[in-house]
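Asks:
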Amino acid sequence: MKFSDIPGHESLKKELISLYENDRIPHALLFSGPQGNGKLALALAFASFLQCKGDKKDDKCGKCMACNKTDKYIHPDINFTFPTMGKTSKMYIKEWRKMLSGSVDFSIEEWISFAGFKGKQATIYNDSVIELLDYFRLKRFEGNKKISVIWQAELLGKEGNKILKLIEEPPPDSLLILVADNTKKILPTILSRCQILRIPPYSNEDLLNWAATNEIITDSNLLELSNIAEGSFIEFRKLLDQENIDFFDLFLNWLRLCYQGNSKELVNYAEQFSKTTTNNQKYFFKYGLKFLEKTLKSFYLDREFITLTQEEYESMLKIRNLLNFEKITKMIDVFNKSIIDIERNANIKILIFNDSLKIHKILRF
Ligand SMILES: [Zn+2]
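Numbering (our numbering), first residue to last: 1341 to 1705.
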C-alpha cells in the first residue's frame, strides 16, 4: 500500500511523513474515525513507508526488496493482530493477506464473511495478544522498525491491559499502530498513551477523484452515489458494485406518488420496493436524507455550495415550493427512523406504505 493509492487525506499524509522526517515517530499511534475513512490504508501505507529501504520522499519507493514484501503483506517486521473466531490472528494470516490484497478498506462484517467465520462474534482473543507480545520479544529481522498493526483495536476490550506495559516500556525502534472505529471502547489507560490521529470521512471530491483515477464506468450518477456514501469508501464501493439504480428517479417518483396519495398506487410501490435488497432500501432513505439536507441548505446557500447535479437541483427547487423548514425536518425524522427500522428487519412493505402516508400528510397539510 502506497500513500498515492489512497484518495485524498493529503494533509494527514504530510503529517505522517513529517513525523518520520523529524524523527518524531511515537511508539504508539492510534488511527481513528468512522468506518470506511481509509484509516487502515493510511496505517499500512505508513508502515510500508517506514520499512522502505529505497529512495523515499513523499511515498515508499515501490522498488526495493522491503517494498516488494510490504506490497504482499509478508514483511517479517510488520505484524498483524485482528479479530478472529476460535483461532489466533496468526492462524488466519493467509486469509488476512488475501483480504488486504483485494481492498484495504472493509468492514468487520466483510472480514467475517470473507474469513468464513460462523456467527458474528469475532474478537481479538487473549492468545492473539500473547502472539503480539511474543512478536515484540523477538529482535528486528531486516526492517527499519519493528511494527505491529492492530485492526479493530476496540475489540481488545480488557485484553488491552496486557499491552499496557508494551506501550509504557516499548522495545527500541518499535511502533504499535492501533486502528479503531470507536475509540470510546478502548481502555482510557491505552488511549492516554497513544498519539491519536483522527481521520475524517472522505470528501465527495476524494471519492469522485478515486472513481476517475480508476476509470470506474457506471450508468449511475457518481455524485449521487458519493452523497449517499457519506464519506465512506466501503459504502461507495458497495454502491458501485450493485446494479445501477437511479435513486434520484426512484425517490422523486415516490414523492410524486406520496403527494397524489392514490392508495392503490402506493400499495403497488410498496410491493415493488419490498423486492429490492435491504442495502438498496437503506440507500434509498439515505439518498432522501441527503436530498432534504441539501434542500434545507438551498434556503440560505448559493447553487455552487449545493452538491446536486443540475437535474437534481432543478427538481429540488420545484419540490421546495411545497416545503418549509418544519416540514423538511419532519421528513428527515421519518427517514432516519426508517433506516433504523430497516436495520432491525422491519416489514418493508408496511414500513414504506406507512411512510408514504406520513409524507402525504406532511406535503399536503
Ligand atoms: Zn522501497
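Note that the Cβ used here is the ideal one computed from N, Cα and C, for glycine as well.
(1) When we look at the beta-carbon of residue 1487 and count the other beta-carbons within 10 Å, is it buried (16 or more) or exposed?
(2) Distance check for residue 1490 and residue 1464, CA to CA, integer angstroms please.
(3) Within its chain, find whatever has a CB closer than 8 Å to the CB of residue 1617; leave out the 5 residues flanking it on each side and keep chain order.
(4) Classify residue 1533 as buried or exposed, calling it buried when 16 or more other Cβ atoms lie within 10 Å of its own Cβ.
(5) Please classify residue 1678 as buried or exposed, where buried requires at least 16 other C-beta atoms within 10 Å of its C-beta.
(6) Using only the heavy atoms of ligand 1, determine whether one of them is closer than 7 Å to the beta carbon of residue 1551.
(7) Who are the Cβ neighbours of residue 1467 in its own chain at under 6 Å, not counting the five residues just before and after it?
(8) Residue 1536 to residue 1632, Cα distance in whole Å?
(9) Any idea what DSSP makes of residue 1514, helix, strand or coil?
(10) Please name the residue or residues paired with residue 1463 in a DSSP beta bridge.
(11) Quick one: what does DSSP say residue 1484 is sitting in, helix, strand or coil?
(12) With distances taken from CA atoms, which of 1554, 1596 and 1547 is nearest residue 1574?
(13) Any heavy atom of ligand 1 closer than 7 Å to the Cβ of residue 1397?
(14) Which stretch, first to last residue, makes up the beta strand (DSSP E) that contains residue 1369?
(15) Out of 1627, 1622 and 1666, point me to the one whose CA is closest to residue 1685's CA.
(16) Please list the terminal residues of the continuous beta strand (DSSP E) segment that includes residue 1537.
(17) For the stretch 1415-1429 against the stretch 1470-1487, are there 3 or more C-beta pairs whose distance is under 8 Å?
(18) Who are the Cβ neighbours of residue 1689 in its own chain at under 8 Å, not counting the five residues just before and after it?
(19) Just verifying my parser: in three-state terms, what is the DSSP assignment at residue 1519?
(20) Straight-line CA distance for residue 1604 to residue 1551?
(21) At a cut-off of 7 Å, would you count residue 1483 as near ligand 1, judging by its Cβ distance to the nearest heavy atom?
(22) Return the bridge partner residues of residue 1490 from the DSSP annotation.
(23) Using only the heavy atoms of ligand 1, determine whether one of them is closer than 7 Å to the beta carbon of residue 1403.
(24) First and last residue of the alpha helix (DSSP H) that includes residue 1653?
(25) Can you give me the Cβ contacts of residue 1565 inside the same chain, cut-off strictly under 6 Å, excluding the 5 residues immediately before and after it?
(26) Would you check if the stretch 1370-1380 and the stretch 1442-1452 touch, i.e. whether three or more CB-CB distances between them fall below 8 Å?
(27) What would DSSP say about residue 1442, mapped onto helix, strand or coil?
(28) Does DSSP put residue 1448 in a helix, a strand or coil?
(29) Taking the C-alpha atoms as reference points, what is the distance between residue 1691 and residue 1543?
(30) With three or more beta-carbon pairs closer than 8 Å as the criterion, would you say the stretch 1625-1640 touches the stretch 1654-1674?
(31) What is the DSSP secondary structure of residue 1397, counted as helix, strand or coil?
(32) Can you check which of these residues, 1507, 1568 and 1399, is closest to residue 1367 by C-alpha distance?
(33) Over what stretch of residues does the alpha helix (DSSP H) that includes residue 1528 continue unbroken?
(34) Taking the alpha carbon of residue 1374 as the reference point, which residue from 1492, 1452 and 1668 has its own alpha carbon closest?
Replies: The short version:
(1) buried
(2) 9 Å
(3) 1582
(4) buried
(5) buried
(6) no
(7) 1428
(8) 34 Å
(9) strand
(10) 1424
(11) coil
(12) 1547
(13) no
(14) 1368-1372
(15) 1622
(16) 1535-1538
(17) yes
(18) 1610, 1611, 1613 and 1614
(19) strand
(20) 41 Å
(21) no
(22) 1421 and 1518
(23) yes
(24) 1650-1660
(25) 1579
(26) yes
(27) helix
(28) helix
(29) 32 Å
(30) yes
(31) coil
(32) 1507
(33) 1528-1531
(34) 1492
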